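S.K.: Residue numbers (this note's numbering), protein chains in the order written: chain A, 1 to 174; chain B, 1001 to 1125. Backbone N, C-alpha and C define an ideal beta-carbon position, used for all residues, glycine too. Remember, it's a predicted structure, so these values are computed and weren't measured experimentally.
1. Could you tell me the boundaries of the alpha helix (DSSP H) in which residue 1160 of chain B lies?
2. Just reading off the alpha helix (DSSP H) that residue 45 of chain A is part of, what are its end residues?
3. Are the CB atoms of residue 48 of chain A and residue 125 of chain A nearer to each other than 8 Å?
4. So, are the CB atoms of residue 136 of chain A and residue 41 of chain A less than 8 Å apart?
5. Looking at the structure shown, is residue 156 of chain A part of a helix, part of a strand, or coil, going by DSSP?
6. Assuming residue 124 of chain A is part of the beta strand (DSSP E), what are its boundary residues?
7. What are the residues of the stretch 1032-1044 of chain B that lie near chain A, defined by any Cβ-Cβ distance shorter than 7 Å?
8. With a threshold of 8 Å between beta-carbons, can residue 131 of chain A be considered close to chain B, or not?
9. Going by beta carbon distance, what residues of the same chain come within less than 8 Å of residue 1072 of chain B, once the five residues before and after it are set aside?
10. Say whether chain A places a C-beta atom closer than 8 Å to the C-beta of residue 1119 of chain B.
11. Could you tell me whether the stretch 1112-1124 of chain B touches the stretch 10-18 of chain A, where touching means 3 or more Cβ pairs closer than 8 Å?
12. Determine the direct distance from the alpha carbon of residue 1094 of chain B to that of residue 44 of chain A, and round the result to whole angstroms.
So, in structure tokens, the structure goes:
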């Protein structure tokens, strides 16, 4: 009788482990940013690309109904692809303000990039060493974060903004 | 007098070197427990990616500001989620991961105890 109980326990354990492995294999282990939605952005102070005496902080973003924080660089090819959508968004006027954060780039290259493609940003900040990107949970560029006037993250776009993202942003800021 | 100054300089040099190497060891431990999100199966310590380099800079800054290892993990978890740390904190989602090895150990011990007792019992009979 004791042995039977033992067999049942061992069998149950084997089944349990198989189930754990099965669920583990089925689960995707890719990093996603779902956990960041609804959280507040960190306090920060960012220097303007053309004027080191000019700053922007989280307090300034509270004045905007919606703000799109976009990380870009002149060396980043997908950033060029998303630029037209950012320009279109900037034409939406008071509904949304766009803050550009130039990531690990040379100042002159960034200025030329904006001269060439147009400047959709209400403020362009410099993140020479990339440390600001960590404050925003960025792990590659381009990435964009849509926040409201309470500094709460509404949506995070990993990769270049495309037509679908653009439509989604328009819907969210309505 | 000159000898005293010489030994004092040597003492300062040795203690500062030891302190710096101790800090480097602690930093390396933190890097090893952080996952590189853009790499395949590499920690921040192993990776030379841009992301890993930035994380190393931020960890160094926080470490120099006097933040503890736990505070650094907490900060990075708030930005990237639990996925960034190899050793996640004990919570309702992963309690099995923490408890199971001990449960298996106790269960294994119990089985061995039963088998030994049974063998002894058979021998006596």
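M.R.: This is what the structure gives:
1. Nothing can be reported for residue 1160 of chain B, as the shown portion of chain B is limited to 1001 through 1125.
2. That residue, residue 45 of chain A, is in no alpha helix (DSSP H); its beta strand (DSSP E) goes 45-47.
3. yes
4. yes
5. Three-state result, residue 156 of chain A: strand.
6. 123-127
7. 1037 and 1038
8. yes
9. The residues are 1030, 1059, 1062 and 1063.
10. Answer no: the Cβ-Cβ gap between residue 1119 of chain B and chain A never drops below 8 Å.
11. no
12. Straight across, the Cα-Cα distance linking residue 44 of chain A with residue 1094 of chain B is about 33 Å.
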